[in-house]
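Chemist: Here my numbering is used: position 191 in the sequence shown is 191, and no number is missing along the way. Mind looking over this structure? Questions follow.
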Amino acid sequence: MKGISPFLWFDNQAEKAADFYVSLFSDSRIGGVSRYGEDTPGEAGTVMTVSFELEGQDFTALNGGPVFSFTPAVSFFVNCESRKELQRLWAGLSEGGSVLMELSGHPFSEAFGWVVDRFGVSWQLNLGKREQKIVPFFTFVGEQHGKAEEAMQSYVAQFPDSMVVRVERYAASEQGTEGSVKHEVFSLAGREFMAMDSNLDHPFTFTPAISFFVHCETQGEVDAFWEGLSAGGEKGQCGWLTDRYGVSWQIVPMALLELLGDSNPGRVDRVTQAMLKMTKLDIAALERAAEG
Numbered sequence: 001m002k003g004i005s006p007f008l009w010f011d012n013q014a015e016k017a018a019d020f021y022v023s024l025f026s027d028s029r030i031g032g033v034s035r036y037g038e039d040t041p042g043e044a045g046t047v048m049t050v051s052f053e054l055e056g057q058d059f060t061a062l063n064g065g066p067v068f069s070f071t072p073a074v075s076f077f078v079n080c081e082s083r084k085e086l087q088r089l090w091a092g093l094s095e096g097g098s099v100l101m102e103l104s105g106h107p108f109s110e111a112f113g114w115v116v117d118r119f120g121v122s123w124q125l126n127l128g129k130r131e132q133k134i135v136p137f138f139t140f141v142g143e144q145h146g147k148a149e150e151a152m153q154s155y156v157a158q159f160p161d162s163m164v165v166r167v168e169r170y171a172a173s174e175q176g177t178e179g180s181v182k183h184e185v186f187s188l189a190g191r192e193f194m195a196m197d198s199n200l201d202h203p204f205t206f207t208p209a210i211s212f213f214v215h216c217e218t219q220g221e222v223d224a225f226w227e228g229l230s231a232g233g234e235k236g237q238c239g240w241l242t243d244r245y246g247v248s249w250q251i252v253p254m255a256l257l258e259l260l261g262d263s264n265p266g267r268v269d270r271v272t273q274a275m276l277k278m279t280k281l282d283i284a285a286l287e288r289a290a291e292g
């Protein structure tokens with residue numbers, strides 16, 4: 001497999017959001033832009049997706065309309081090397097947004113803050129240097145509280161080049177359920193992720209507004225991730241699924257991206273129409289559709 005990347009579902013603000021993030025983060029760039037075609041869910045010719053990179057982390061933004069809403073259940077933890085960088089990112093991301101935790105010193109960090117930006121995406125900004133600048137962060141709340149470690153173990157078992165890095169648990173004297181996960185770090189396909197349990201009465205949980213795009217090289221990989229991650233969860237259309245913990249994934253073969261990038265509009269349209277009728281994506285069927 002080629003890796004895992006976050007996929008963000010916007011209410012027709014994908015371009016604006018991607019441009020904003022790229023302007024704010026250093027070492028960042030816009031990648032490809034795809035547009036809706038005829039007989040697709042969006043208006044033909046308008047922007048469908050924008051790919052972009054922030055500090056070595058790939059993202060895709062979708063103009064999907066007002067179907068899903070972002071929540072802090074999935075946020076992005078940003079390791080800042082200096083106070084100047086931290087203050088700059090905080091100022092940009094908090095403008096027009098809302099603060100969940102004020103930027104200040106904490107027992108676990110010299111400087112940390114949690115903010116929801118103007119588009120609804122959540123960011124945790126921390127003063128501290130790590131090799132991976134931006135780390136996806138899961139917060140398990142409500143019915144999912146207490147399942148952070150189980151989820152981590154399930155993911156690590158399914159993805160190659162994966163491992164548990166560190167697990168910290170709540171003590172009896174702390175605000176949190178004793179023994180549940182206070183903070184954990186793990187890697188999937190060579191990329192770091194973080195997670196925690198929270199027993200507070202949060203008014204949110206996981207939604208498909210943020211899903212994780214699994215880039216598969218073979219049909220065998222598609223089949224394995226599709227069945228493994230959907231076990232106990234729910235299978236959807238076009239390679240989407242929700243796992244047993246409420247986290248959303250897209251199991252996508254690299255062959256589909258190549259077919260959609262074809263210079264022949266007819267081939268692209270046929271592939272798109274075939275994809276829209278599928279649940280699990282089938283490489284051979286997509287290639288047959290391209291040929292007509």
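The C-beta atom is built at its ideal place from N, Cα and C for all residues, glycine as well.
Does the region 21-28 come into contact with the region 84-94, if we say contact requires no fewer than three beta-carbon pairs (one atom in each stretch) closer than 8 Å?
Modeler: Counting Cβ pairs under 8 Å, three or more are found: they touch.
Chemist: Between which two residues does the beta strand (DSSP E) harbouring P6 extend?
Modeler: G3 to F10 is the span of the beta strand (DSSP E), which, as asked, contains P6.
Chemist: Nearest-angstrom Cα distance between S180 and R169?
Modeler: If you take the alpha carbons of S180 and R169, they lie about 5 Å apart.
Chemist: Give me the Cβ distance between G34 and T49, rounded to the nearest whole Å; I'm assuming they're in contact under 8 Å.
Modeler: Residue 34 is actually Ser in this sequence, not Gly. About 5 Å; that satisfies the 8 Å criterion.
Chemist: If I follow the unbroken beta strand (DSSP E) through M48, where does it start and stop?
Modeler: Start and end: V47 to L54.
Chemist: Would a C-beta distance cut-off of 8 Å place L260 and V268 closer than the cut-off?
Modeler: Their beta carbons are under 8 Å apart, which means L260 touches V268 by this criterion.
Chemist: Distance, Cα to Cα, P41 vs T218?
Modeler: Distance between the alpha carbons of P41 and T218: 27 Å.
Chemist: May I have the straight-line CA-CA distance separating A209 from V121, to the nearest angstrom?
Modeler: Distance between the alpha carbons of A209 and V121 is about 9 Å.
Chemist: Just reading off the alpha helix (DSSP H) that L93 is part of, what are its end residues?
Modeler: Here the alpha helix (DSSP H) through L93 covers R83 to S94.
Chemist: So what's Q237 in DSSP terms, helix, strand or just coil?
Modeler: Three-state DSSP puts Q237 in coil, outside helix and strand.
Chemist: Pull up the DSSP beta-bridge partners for F193, would you.
Modeler: F193 is bridged to F186.
Chemist: What does a CB cutoff of less than 6 Å around R244 pick up in its chain, not counting 5 residues either side in sequence?
Modeler: Excluding positions up to five away in sequence, the list reads G232 and G233.
Chemist: Please report the straight-line C-alpha distance between A151 and V99, rounded to a whole angstrom.
Modeler: So the alpha carbons of these two residues sit roughly 28 Å apart.
Chemist: Using a threshold of 8 Å, state whether the C-beta atoms of V297 and F213 are closer than that.
Modeler: No information on residue 297 is available, as it lies outside the stretch 1 to 292 that the chain covers here.
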